[in-house]
Amino acid sequence: MSPGLLLLNVALTQGLFGAILAGGVWYFGVPLDVLGVGGDALSTGLPALLVGVVFGVVLWVGNELASGLAAASGADYDEGLRELLAPEGVRGWGLLLGATLPTIAVVEEFVFRAAVVGAVTPAAGTSPWVLAVVSSVAFALGHGAQGRVGVLVTGGLGFALAAGFVLTDSLLVVVVAHYLVNALEFLAHEGLGLPDPVWS
-19 MSPGLLLLNV
-9 ALTQGLFGAI
1 LAGGVWYFGV
11 PLDVLGVGGD
21 ALSTGLPALL
31 VGVVFGVVLW
41 VGNELASGLA
51 AASGADYDEG
61 LRELLAPEGV
71 RGWGLLLGAT
81 LPTIAVVEEF
91 VFRAAVVGAV
101 TPAAGTSPWV
111 LAVVSSVAFA
121 LGHGAQGRVG
131 VLVTGGLGFA
141 LAAGFVLTDS
151 LLVVVVAHYL
161 VNALEFLAHE
171 GLGLPDPVWS
């Protein structure tokens, strides 16, 4: 399967899954505010977008640091999946940055942060930080294709995103941050051909 078809397949399957989940939210009448979609400016307004951008850049730098530490210890990060999804040509990059990565960010943040942390916290009557740990473990295990080091790094990223969700109560913040982490990684290493980490 070509990279373009693979990107399209990922976008469609993730999008379908997200649509099913959104249908479930509507059917069961889950309040939007517990999912991090409220009327507050820090939840859905421009401040949320700006916080998400800054947060995403910080997390991307953290990912690069983790990659560098892994390489220095001899436990290299498996980048096979990223290389497999690397686009070819302008159209491929447009599909990746304009459809596949946004869909992945929306669906994964909806599942692992909005649903597992936001919706379950009031229902279970527990601390959101407990569910942040649970969601991070699940998020890490869902990225097993990146190898053991990748699972550990992704688990750390997942907890950082969960913390961002708990502290801001905003789905938009973590969606934007998640998108930027992935987009910057692809642009830096597959687009510009920079080493991993970029300063090595």
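Every letter in the sequence shown is one number past the one before it in my numbering, and letter 41, counting from 1, is 21.
Glycine included, C-beta positions come from ideal geometry on N, C-alpha and C.
Going by C-alpha to C-alpha distance, which of the options sits closest to residue i?
{"i": "Pro177", "options": "Glu89, Ala85, Ala(-1) and Leu49", "result": "Leu49"}
{"i": "Val247", "options": "Val114, Val5, Ala85 and Leu81", "result": "Outside the displayed range of the chain (-19 to 180) lies residue 247, so it cannot be described from this structure."}
{"i": "Gly122", "options": "Gly135, Val110 and Leu111", "result": "Gly135"}
{"i": "Val155", "options": "Val33, Asn43, Ser53 and Gly78", "result": "Val33"}
{"i": "Leu(-13)", "options": "Val161, Leu174 and Arg62", "result": "Arg62"}
{"i": "Gly18", "options": "Ala94, Gly3, Leu39 and Ala79", "result": "Ala94"}
{"i": "Gly(-2)", "options": "Phe92, Val110 and Val14", "result": "Phe92"}
{"i": "Gly171", "options": "Asp20, Phe35, Tyr159 and Leu76", "result": "Leu76"}
{"i": "Leu111", "options": "Ala142, Gly127 and Leu137", "result": "Ala142"}
{"i": "Ala66", "options": "Phe139, Trp109 and Leu167", "result": "Leu167"}
{"i": "Tyr159", "options": "Gly138, Leu174, Trp109 and Val146", "result": "Gly138"}
{"i": "Val146", "options": "Gly4, Gly3 and Leu15", "result": "Leu15"}
When DSSP labels each residue in this structure, what does residue i get in the three-state scheme?
{"i": "Val5", "result": "helix"}
{"i": "Glu68", "result": "coil"}
{"i": "Pro27", "result": "helix"}
{"i": "Asp105", "result": "For the sequence presented, residue 105 should be read as Gly rather than Asp. Three-state result, Gly105: coil."}
{"i": "His158", "result": "helix"}
{"i": "Val17", "result": "coil"}
{"i": "Leu147", "result": "helix"}
{"i": "Val86", "result": "helix"}
{"i": "His169", "result": "helix"}
{"i": "Ser116", "result": "helix"}
{"i": "Ser53", "result": "coil"}
{"i": "Val10", "result": "coil"}
{"i": "Gly36", "result": "helix"}
{"i": "Leu111", "result": "helix"}
{"i": "Gly(-5)", "result": "helix"}
{"i": "Leu75", "result": "helix"}
{"i": "Leu174", "result": "coil"}
{"i": "Gly98", "result": "helix"}
Can you have a look at residue i and say buried or exposed, based on whether 16 or more other CB atoms are within 10 angstroms of its CB?
{"i": "Glu89", "result": "buried"}
{"i": "Ala52", "result": "exposed"}
{"i": "Leu39", "result": "buried"}
{"i": "Ala46", "result": "buried"}
{"i": "Asn162", "result": "buried"}
{"i": "Val70", "result": "exposed"}
{"i": "Asn(-11)", "result": "exposed"}
{"i": "Ser23", "result": "buried"}
{"i": "Pro175", "result": "exposed"}
{"i": "Glu44", "result": "buried"}
{"i": "Leu64", "result": "exposed"}
{"i": "Gly74", "result": "exposed"}
In chain order, what residues of the same chain lie with their CB nearer than 7 Å to the CB of residue i, ignoring the 5 residues before and after it?
{"i": "Ala182", "result": "Beyond the ends of the chain as shown, which are -19 and 180, falls residue 182; an answer cannot be given."}
{"i": "Val87", "result": "Gln(-6), Phe(-3) and Gly(-2)"}
{"i": "Leu30", "result": "none"}
Please list, in chain order, all residues of the same chain as residue i whose beta carbon is under 6 Å from its beta carbon, the five residues on each side excluded.
{"i": "Ala21", "result": "Pro27"}
Please go through the same chain and pick out, in chain order, the residues whose beta-carbon is closer than 8 Å to the beta-carbon of residue i, but skip the five residues on each side of it.
{"i": "Ala140", "result": "Leu39 and Gly42"}
Is the stretch 119 to 138 close to the stretch -9 to 11, with three or more CB pairs under 8 Å? no
Using 8 Å as the cut-off, can you tell me whether the stretch 81 to 92 makes contact with the stretch 101 to 110, which would need three or more C-beta pairs spanning the two stretches below that distance? They do not touch, by the three-pair rule.
Taking 8 Å as the threshold, find out whether the stretch 150 to 162 comes into contact with the stretch 116 to 123 through three or more Cβ pairs. no
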